[in-house]
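Numbering (my numbering), first residue to last: 975 to 1245.
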């Protein structure tokens, strides 16, 4: 059993909680076996199992637990980076918590993920300049104009008025969120290589250059730096790029390593 197989037991469609019906496999796992296997995996690989459940949206508690465990891990390793080692004892845990939070968001992102629309800041509406035509009369229509049957529009003055109105956001169409899928490959991870296609005469697919074949856009590391700057100003952008960003990338990779370890433990338990 792998980690993806455990998802159906969190959203069971029937009362039969097993890998396969007993009528076809007498050695199938019972519900008790599966629950025990999940508990043992959680005990042996707490960070990886919690990170996976949090990534799949099973539980917010698992998400918070994974972030907390990564923040604790980061505190044990951050002194290897000079810029982080110089931080105060009160500031350092908050910085690690912020880095762990952004690391989890990057780790859990996929082509199906959504993010807050930057254009409307998650409001669904934006303020825009709207121009309308208004008119007024310079004076009352005189009697001689009435006798000559002149149109009132001859005395009408038109002007364009600028007003600020709330209009539907054109980026998210009022949904307040936008897709994280790559704009070039639309989340597929593959794009047509125009040069190779022209040379061979048939469509040739290669990894999308914009997303490197992932199918989605990663969270810019500068956003994590901006969040850290709200806690402390001791880490400049140059320092972030030279020393702190590699440490931040290691935290993201840590989740992938721990998830692989959790899956290996689950397979070992259920084999």
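Glycine included, every Cβ here is placed at the ideal spot set by N, Cα and C. All values reported here derive from a predicted model rather than from experimental measurement.
Worksheet entry | Nearest residue (CA-CA) to residue 1149, options 982, 1169, 1092 and 1045 | Among 982, 1169, 1092 and 1045, the Cα nearest to that of residue 1149 is on 1092.
Practice prompt. Run the CB neighbour count on residue 1175, radius 10 Å, all protein chains shown included, and call it buried at 16 or more, exposed below.
Written response: Under this definition residue 1175 is an exposed residue.
Item to complete: Could you tell me which residues DSSP pairs with residue 1140 in its beta bridges?
Response: Residue pairing from DSSP places residue 1140 in a beta bridge opposite 1101.
Worksheet entry | CB-CB length for residue 1105 against residue 1136, believed under 8 Å | Residue 1105 to residue 1136, Cβ: 6 Å. Contact.
Item to complete: Taking only the alpha-carbon atoms, compute the straight-line gap between residue 1041 and residue 1071 and give it to the nearest angstrom.
Response: So the alpha carbons of these two residues sit roughly 7 Å apart.
Discussion item. Is the separation between the beta-carbon of residue 1182 and that of residue 1158 shorter than 8 Å?
Written reply: At the C-beta level, residue 1182 and residue 1158 come within 8 Å of one another.
Worksheet entry | Contact set for residue 1155: own chain, Cβ-Cβ below 7 Å, skip 5 residues either direction | Closer than 7 Å at the Cβ level, and outside the excluded window around residue 1155, lie 1085, 1161, 1189 and 1190.
Worksheet item: Could you give the C-beta distance for residue 1229 and residue 1077, rounded to a whole number, given that I count them as a contact under 8 Å?
Response: Correct: roughly 7 Å between the Cβ atoms.
Fill in: Residues sharing a beta bridge with residue 1165, DSSP
According to DSSP, which records beta bridges pairwise, residue 1165 is partnered with 1180.
Discussion item. I need the DSSP call for residue 1173, collapsed to helix, strand or coil.
Written reply: Residue 1173 carries a helical assignment under DSSP once its states are collapsed to helix, strand and coil.
Worksheet entry | For residue 1217, the first and last residue of its enclosing alpha helix (DSSP H) | In the DSSP annotation of this structure, residue 1217 is not part of any alpha helix (DSSP H), being labelled neither H nor E.
Discussion item. Taking only three categories from DSSP, how would you classify residue 1089?
Written reply: For residue 1089, the secondary structure class from DSSP, reduced to helix, strand or coil, is strand.
Item to complete: Under 6 Å Cβ to Cβ from residue 1102, same chain only, skipping five residues before and after it: list those, please.
Response: So the qualifying residues of the chain are 1141.
Worksheet entry | DSSP beta-bridge partners of residue 1152 | Paired residue(s): 1089.
Discussion item. So that I know if they touch, is there some Cβ in chain B lying closer than 8 Å to that of residue 1008?
Written reply: Considering every chain present, this structure includes no chain B. It has just one protein chain.
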